[in-house]
Structure formats: C-alpha cells, structure tokens
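Structure record follows, encoded as structure tokens.
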Amino acid sequence: MDIQTLSQIKSKFVARQVADELVIVPLSGNVAQMNELFTLNETGKFIWENATSNNTNASLVQLMTEAFEIDESTATSDIETFLKQMDILTKYNS
Amino acid sequence: MNQFGFEFNISIAEIILQVFSKNAIELEAGYIPFLADNESKADIQVECFKGLQTSNLETLKLLFEAKNDEQRFYSIYETSEGLCFAIYNQQTKDEIQQIAYLNKTFDYWKIYSTDAISLKYPMGPIIMHYLTLYTDAVLMHASCAYDGKTGRMFSGFSGAGKSTISMIWSKAGAQIVNDDRLVIRNINGNFYVYNTPMYYADISKKAPLNAIYLISHSPVNKAKKLTGALAVSKVMAFCIQNNFDKSFIDKRLEFFYKLSQATAIYELGFVPDQQVVTYITENEKQG
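From first to last, the protein sequence lines are chains A and B. Each residue of the first sequence is one higher than the last, beginning at 4 in the working numbering. Each residue of the second sequence is one higher than the last, beginning at -11 in the working numbering.
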C-alpha cells in the first residue's frame, strides 16, 4: 500500500486516540467485518494521521525524522513496514 | 407461558419500553419477568401493527445487512425519518416476517408483523441493541457472575468457555447474571451489567461491573492485564454492533474508553475446574 491509498482508506474508518495509540474501526455494511478492530502504536498513529492527499512517502519521511528525532533510513523503514501491515485494510477500499 | 395483552411496559436495563397495539400482542415467556408497572414512565415506545407494508423497500437506500452463508437475519434501510428494518423469517430465509421503523432519536418504534408476536427473534435483540444507542450502554456477547461483592464479565469467541466459566462460578456460590447476552450501562461513571429477555424465562438481574475477562481455554490458568488501545479494541470486538454509521462507532469507542478507565480488563487462559475461581480472586488481590 502507498500513502495515497492509505489516505483514501482512512475515510472508511473511525479512529479514536487512547493514550499514545489509536483504535481504528471500519465502517461496515455487513456483519462479517463488524468486529474487526485494529490498534496502532505511536508510530502507526503518526503515519495514519499524516497520511493525507498532500503528503508523499518522501514528505512523510521528513515529518517523521523531525517528530521522532530519527534518521531518514529508520523513518523510511518504519513507513514501509507500516504500509505493508496496512495491506490488510485494502478490502475496505471498495 | 406466553402472555397476551394490548399494552405492556417492559424494563430492560432499567429502561422502560412501552409496547402497545390496537390488536392483541403475544409476549413470549422470556419477557414476562421483565414486565414493569404500566404506570412507569416510558423511555421508548414500541407501537405494533398487524400486517406488513413492504412495497417501498426497493426505493430505500440499503445501509446494512446482517447475514451469513446460511442465514439472513435482517436488512437496514435509510428513510427520511430514521431507519427501516426488514426482518427475515429464520426458517424460510428470505421471507420477510416483520418491517420495523425507528425514529432518529431511537425512542419510537413502529413494528409491522405477520403475527401477534411482535418481539420475536431477532426483533427483540435488535430493539435491545438500539436501546443501547438511546442511552450510554452496550450490548455484549458475554457471561457475568456476581459473588455479592464483585461483578465479573467473561467474553470470548464462540466456544471459549463463557457458559463453562459461568457454571464454575455458580458452583462457587455466585449469581449468574446471564451466560450469553448482557447490557452494560454507564450510570454516572459507574458500570452495571444487566441480563436481557431470552428465549427462556429468567428473573431480571443487575450487578456492578468490576472486572472483565477475555477468556480462552488453556493448559494452565494465566491472566494478563490489558490497558490502553488494546484493552479498548479487544473488549469492543465482543460488542454487538451495526457499524454502518460513524456516530454509532464514535459512541461505542467513547463508551469502551471510559469502561477501560474504570474497570480492570484481563486476558484469561483457564482450566475448566474450580481452581480458576481461587486463581482469579488471588490475581485480583495482587492487582
């Protein structure tokens, strides 16, 4: 998944912050997906919240290096890992 | 034994439903212990009609379908005044047995039925679910045991042992609020568990909610306390939900966040014998 796809999928979810983490719940028109809930840690929460149509992978890397005081390669790796994990959500993008 | 009448006040989780009709209504045995004084002020009105009006369903926007590979339970449509529910006959699958309309404030139902049993399954549980959106409450797949001091709720996937652990607590002298479906209410920051009318008759019960256990079978008894987002999401997963509306999910998330702040939540792997009672009480003492 890329940042643009994630920014589109976000509208299909309701998110709530709990401490430094995020719970995300899919809007669903059937019972099959009704009880699928996801939790995002602090890094995931940051990427989720900044996955907007204005941001690219590169600009998100820049934001992460500033927010978490990490180097570019760590930020790039964190984003790639997170986006791969978010592939599970593609079924909601229909 | 079923009861017949033109008006019933039913108290579910201390919320009064006034069920009434010009035609006689047949109330199933499970509802009888929940009957309240007819002078009680109604929170929710349920007006029942005999005969179906299905002609306009195709013109409405479909919002939600409750069905699986084997069974179709109900469909929810959007109307200008709220929601419309098409309830299917559980034997014939696609035949509509009831049409129900709910207003936008969740406090007025109009139910059109083919027979006099207006609250028959799954209409009754649907009303209970939307009753929780009317107030600060949720409907859970769970069991609850109350030992006179502590109310413990047990939830988990089908086959996880909700009824088994209820029986174990019952043998230890605890009252079982219910072993399948419960309402949790937040009343001024205090959380209470209530049973709901079932297909069998049982007295109306209420208990404080002090601890939640998400259970599974295990070779040894072991408990792990959950906090934060994980606690919220894992408990909410066992809530009965119609998640087609953002406001419904927002309300649930807020409820479970407050619940997780007020109540200890554990994952519990358990061996199905009496020793789990001692294990749980000792574990709670240690915090």
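Cβ coordinates follow ideal geometry from the N, Cα and C atoms, glycine included.
Boundaries (first-last residue) of the beta strand (DSSP E) holding residue i
i	result
lysine 98 of chain B	96 to 101
leucine 90 of chain B	84 to 91
valine 17 of chain A	16 to 21
phenylalanine -6 of chain B	-9 to 0
valine 7 of chain B	3 to 15
phenylalanine 85 of chain A	Element bounds for phenylalanine 85 of chain A: not the beta strand (DSSP E) but the alpha helix (DSSP H), 75 to 88.
tyrosine 122 of chain B	Taken as a continuous stretch (DSSP letters only), tyrosine 122 of chain B belongs to no beta strand (DSSP E), being part of the alpha helix (DSSP H) at 111 to 122.
leucine 51 of chain B	49 to 55
lysine 38 of chain B	32 to 38
isoleucine 175 of chain B	169 to 175
Residue span of the alpha helix (DSSP H) that contains residue i, given as start and end
i	result
methionine 141 of chain B	Taken as a continuous stretch (DSSP letters only), methionine 141 of chain B belongs to no alpha helix (DSSP H), being part of the beta strand (DSSP E) at 139 to 143.
asparagine 53 of chain A	45 to 53
alanine 125 of chain B	Here alanine 125 of chain B belongs to no alpha helix (DSSP H); instead the beta strand (DSSP E) covers 125 to 129.
glutamine 78 of chain B	Premise fails: glutamine 78 of chain B is in no alpha helix (DSSP H) and is neither H nor E.
glutamine 7 of chain A	6 to 12
Local conformation of residue i per DSSP, three classes
i	result
phenylalanine 226 of chain B	coil
leucine 197 of chain B	coil
tyrosine 245 of chain B	helix
phenylalanine 236 of chain B	helix
serine 31 of chain A	coil
leucine 63 of chain A	helix
glutamate 69 of chain B	coil
glutamate 272 of chain B	helix
glycine 216 of chain B	helix
lysine 150 of chain B	helix
glycine 257 of chain B	strand
tyrosine 187 of chain B	coil
valine 208 of chain B	coil
glutamate 24 of chain A	strand
serine 158 of chain B	helix
serine 63 of chain B	strand
glutamate 27 of chain B	coil
glutamate 69 of chain A	helix
isoleucine 105 of chain B	coil
glutamine 163 of chain B	strand
leucine 202 of chain B	strand
leucine 45 of chain B	helix
threonine 251 of chain B	coil
Short Cβ contact (8 angstroms threshold) for residue i with residue j
i	j	result
valine 7 of chain B	isoleucine 13 of chain B	yes
threonine 277 of chain B	tyrosine 96 of chain B	Since the first residue shown for chain B is -11 and the last is 275, residue 277 of chain B is missing from the structure and cannot be characterised.
glycine 139 of chain B	serine 204 of chain B	no
aspartate 81 of chain A	threonine 42 of chain A	no
threonine 251 of chain B	phenylalanine 179 of chain B	yes
glutamine 11 of chain A	asparagine 96 of chain A	yes
lysine 246 of chain B	leucine 121 of chain B	no
tyrosine 188 of chain B	leucine 170 of chain B	no
methionine 111 of chain B	glutamine 78 of chain B	no
tyrosine 62 of chain B	proline 185 of chain B	no
serine 9 of chain B	phenylalanine 22 of chain B	no
leucine 40 of chain B	leucine 107 of chain B	no
tyrosine 254 of chain B	alanine 195 of chain B	no
methionine 128 of chain B	isoleucine 237 of chain B	no
valine 126 of chain B	phenylalanine 52 of chain B	no
tyrosine 118 of chain B	phenylalanine 94 of chain B	yes
Any non-hydrogen atom of the ligand NAP closer than 7 angstroms to residue i Cβ
i	result
isoleucine 87 of chain B	For the structure depicted, the ligand NAP is absent and the ligand set is empty, with no information on it obtainable.
Select from the stretch 64 to 81 of chain A all residues with a C-beta closer than 8 angstroms to any C-beta belonging to chain B, and list them in chain order. For the stretch 64 to 81 of chain A, the set of residues with a beta-carbon nearer than 8 angstroms to any beta-carbon of chain B is empty.
Going along the stretch 13 to 34 of chain A in order, which residues come within less than 9 angstroms of chain B, judged by CB to CB distance? The residues in question are Phe16, Val17, Ala18, Arg19, Gln20, Val21, Ala22, Asp23, Glu24, Leu25, Val26, Ile27, Val28, Pro29, Leu30, Ser31, Gly32, Asn33 and Val34.
Counting beta carbon pairs with one atom in the stretch 149 to 167 of chain B and one in the stretch 122 to 139 of chain B, are three or more of them shorter than 8 angstroms? Look at the beta carbons and you see the stretch 122 to 139 of chain B touching the stretch 149 to 167 of chain B: at least three pairs across the two are nearer than 8 angstroms.
Is it true that the stretch 212 to 223 of chain B meets the stretch 18 to 27 of chain A, where meeting means three or more beta-carbon pairs spaced less than 8 angstroms apart? Because the criterion of three Cβ pairs below 8 angstroms is met, the stretch 212 to 223 of chain B and the stretch 18 to 27 of chain A touch.
For the stretch 199 to 229 of chain B, which residues have a CB atom closer than 9 angstroms to at least one CB atom of chain A, in sequence order? Residues Thr215, Gly216, Ala217, Leu218, Ala219, Val220, Ser221, Lys222, Met224, Ala225, Phe226, Cys227, Ile228 and Gln229.
Residues, ordered as in the chain, of the stretch 236 to 250 of chain B that lie near chain A by beta-carbon distance below 8 angstroms: When CB distances to chain A are screened at a threshold of 8 angstroms, the residues of the stretch 236 to 250 of chain B falling below it are Ile237, Asp238, Arg240, Leu241, Glu242, Tyr245 and Ser248, in chain order.
May I ask you to list, following chain order, the residues of the stretch 35 to 56 of chain B that have a beta carbon less than 9 angstroms from some beta carbon of chain A? So the close ones are Leu50, Leu51, Phe52, Glu53, Ala54, Lys55 and Asn56.
Using a Cβ-Cβ cutoff of 8 angstroms, what residues of the stretch 170 to 189 of chain B are near chain A? List them in chain order. Listed by position along the chain: nothing, the set is empty.
Contact residues within the stretch 64 to 88 of chain B, judged by C-beta distance below 8 angstroms to chain A: Per Cβ criterion, the list is empty.
Within 7 angstroms of chain B by C-beta, residues of the stretch 42 to 65 of chain A in sequence order: For the stretch 42 to 65 of chain A, the beta-carbon criterion of a distance under 7 angstroms to any beta-carbon of chain B is satisfied by Thr42.
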